[in-house]
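To keep things clear, I will list the structure first and then write my remarks on it.
Protein chains in written order, with my numbering: chain A, 4 to 317; chain B, 4 to 317.
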């Protein structure tokens, strides 16, 4: 079992970001690489204190800490980290109801997806790798419209009301968590593509020095030039970061070469090669994205290294 | 707050015994003495894995360890002991369904009632005081018939089938827990009262040396003679125990005198004097029992002393 730490404690990845920021899509590919039977996914939305109807009555959003059992999420993450099973609450996104709880057994990897999963120090201390996703806001609104109407029984007007109602809470509670992430991923349409909503997305990665990132030097020139750019920059808080840009228009051969090079950095996972970069497009079909695939591979690199105890940060 | 340990950890009482053995009735009076706002009650039945319908389908009883989340109960008790809140599962006894979970905040005292709550070493290590109730079997069957038909939607035939189905599991899993109790309480009709089902019950208490029991010497002669008897004996396993017998026919004045003496042993609780010994009689009316009151007071003595750290056993 090359992916189990000697003490059988799982490696924990956080994927945090606003509603419909693409958390599950990003996490899905990572779980596919690691193997679904090796990954337990914890949806922090399950820790909502109230049903959708109750939230409307009370006048509280699902993004507010007081609307969630944040302390119980802390406790459960801490238990999973120690290799213990939990009996977790269940929130039904289809009708917004609270359901009987369900067991979640720890597996070698645990992926926590949520809007408030870095809210407290106790939560943040549980992760091996912390990712924050912040897509272009126009893109996120479009994703939220599509998903909430198709899967969660909302009308387009409902979604807009929900977005408006949530804005203050997102700013107050979701956005500040960005500063605790090791990697900040931003998907955005290429400049000047405002009309072409299906243009392949660019991905920008802020790589903070809180993790030992791989040497991307050899990757930069793999399979040609262009489409892949690494530069030193200052974060919005003035602190130094690496910024890795992957262009949505990256040449397919070049993307494949970069992908191969990333795989070569985690030889212990190369037998797990899974189809990466899958997402559901506007027509509800499964499509694939080079930039998403490379994001997933980069994050997986850190999980595999953490599992080996080489880059464990705590 | 005289009842909080310096480290804010609750005192935990276990009340374990077969279905309808009188656990809630015994615990109810203890909670009344301590003050309901100072007591959190954890029903271990909430940790059933399956709904009543599922149990019937699978062919499993609610008394079997595999039919319960015993490991999660261990975890939750351990968390409560450390002063943490839990999000506990909820089982609806009325219709046998599993419900959304509910928060339980720790309070200075936690009373755990259940059929398997001493099943594992990890569970047993959580208690300050462990009580096992084993009423006369004819009495228990009558209690189960009355309660399950009145409150849980069973027919008398259902209850009999349930009793038969559970017998092997009770013997295999419930009964063995008796040996871990500090106090074993047995209510039984007085000898020769077979026909008179409403005769006041005798109570026998096995007082194991695992707790520092109060000096009952002064109590024995309080307010007269008779009705109250303490003797050295051997338990069914041959080990020495004190056996305290309280007769159902104890004279009212004598019972009151013994009660006063027990209160005097816990002066720090005397301002909490609450009506003791309450139970629901066959007509569904609230009645009161001297023997039940004295049992409740004796157990409360140990909780108050444990809260003072004077008799804490761990």
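Ideal Cβ positions, reconstructed from N, Cα and C, are used throughout, including at glycine.
query                                                                                                                                                                        : result
Go to residue 141/A, then tell me how far its alpha helix (DSSP H) extends in each direction, as first and last residue.                                                     : 140 to 154
Just to confirm, is the Cβ distance from residue 112/B to residue 29/B under 8 Å?                                                                                            : no
Should residue 213/A go down as buried or exposed, given a rule of 16 or more other Cβ atoms within 10 Å for buried?                                                         : exposed
Going by the DSSP bridge assignment, what does residue 289/A pair with across the sheet?                                                                                     : 283/A
At what residues does the alpha helix (DSSP H) containing residue 267/B begin and finish?                                                                                    : 255 to 268
According to DSSP, simplified to helix, strand and coil, what is residue 311/A?                                                                                              : coil
So, residue 74/A versus residue 88/B, is the Cβ gap smaller than 8 Å?                                                                                                        : yes
Give, in chain order, every residue of the stretch 62 to 82 of chain A whose Cβ lies closer than 8 Å to some Cβ of chain B.                                                  : 72, 74, 75, 78, 82
Give a yes or no on whether the C-beta atoms belonging to residue 303/A and residue 205/A are separated by under 8 Å.                                                        : no
With DSSP run on the structure shown, which of helix, strand or coil describes residue 133/A?                                                                                : strand
Tell me where the alpha helix (DSSP H) around residue 32/B begins and ends.                                                                                                  : 26 to 37
Helix, strand or coil, according to DSSP, for residue 179/A in the structure here?                                                                                           : helix
Return the chain-ordered list of same chain residues with a C-beta closer than 7 Å to the C-beta of residue 147/B, the five sequence neighbours on each side being excluded. : 22, 23, 162, 166
When the Cα of residue 92/B is compared with those of 169/B, 71/B, 201/B, which residue comes out closest?                                                                   : 71/B
Could you name the residues that DSSP lists as bridge partners for residue 243/B?                                                                                            : 237/B
Look at the alpha carbon of residue 90/A and the alpha carbon of residue 78/A, and state the distance between them as a whole number of angstroms.                           : 11 Å
Buried or exposed for residue 280/B, please, with buried defined as at least 16 other CB atoms from any protein chain shown within 10 angstroms of its CB.                   : buried
Pick helix, strand or coil for residue 127/B, following the three-state DSSP scheme.                                                                                         : helix
Could you pull out every residue in the same chain whose Cβ sits closer than 7 Å to the Cβ of residue 172/A, ignoring the five residues on either side in sequence?          : 64, 66, 67
Identify whether residue 63/B lies in helix, strand or coil by the three-state DSSP scheme.                                                                                  : coil
Quick one: grab the DSSP three-state call for residue 121/A.                                                                                                                 : coil
Cα separation between residue 314/B and residue 305/B?                                                                                                                       : Only weak support is given to the placement of residue 314/B: the predicted model assigns it a pLDDT of 42, under 50, and the question is left unresolved by the model.
Tell me whether residue 159/A sits in a helix, a strand or coil according to DSSP, three-state version.                                                                      : helix
Kindly say whether residue 299/A, judged by its beta-carbon, lies nearer than 8 Å to any beta-carbon of chain B.                                                             : no
Between residue 129/B and chain A, is the shortest Cβ-Cβ distance under 8 Å, so that the two count as touching?                                                              : no
Using a 10 Å radius around the Cβ and a threshold of 16 neighbouring Cβ atoms, would you call residue 228/A buried or exposed?                                               : exposed
Under the DSSP definition of a beta bridge, which residues are partnered with residue 102/A?                                                                                 : 93/A
Taking Cβ positions, are residue 20/A and residue 115/A nearer each other than 8 Å?                                                                                          : no
Measure the beta-carbon distance from residue 94/A to residue 51/A and round it to whole angstroms, keeping in mind my assumption that it falls under 8 Å.                   : 5 Å
Give me the residue from 142/A, 12/A, 152/A, 153/A with the minimum Cα distance to residue 319/A.                                                                            : Past the edges of chain A, shown from 4 to 317, lies residue 319/A, and the structure says nothing about it.
Please confirm whether residue 101/B has its beta-carbon closer than 8 Å to some beta-carbon of chain A.                                                                     : yes
Checking contacts by CB at 8 Å: is residue 12/A closer than that to chain B?                                                                                                 : no
Starting from the beta carbon of residue 87/B, find every residue of chain A whose beta carbon is closer than 7 Å, and list them in chain order.                             : 78
Checking 8 Å against the spacing of the C-beta atoms, do residue 1/A and residue 297/A come in under that value?                                                             : Nothing about residue 1/A can be reported from this structure: the residues present for chain A run from 4 to 317 only.
Counting only beta-carbon separations shorter than 8 Å, does residue 1/A have a partner in chain B?                                                                          : This structure cannot settle anything about residue 1/A, because the visible part of chain A is limited to 4 through 317.
Checking the sheet assignment: what are the DSSP bridge partners for residue 189/B?                                                                                          : 207/B
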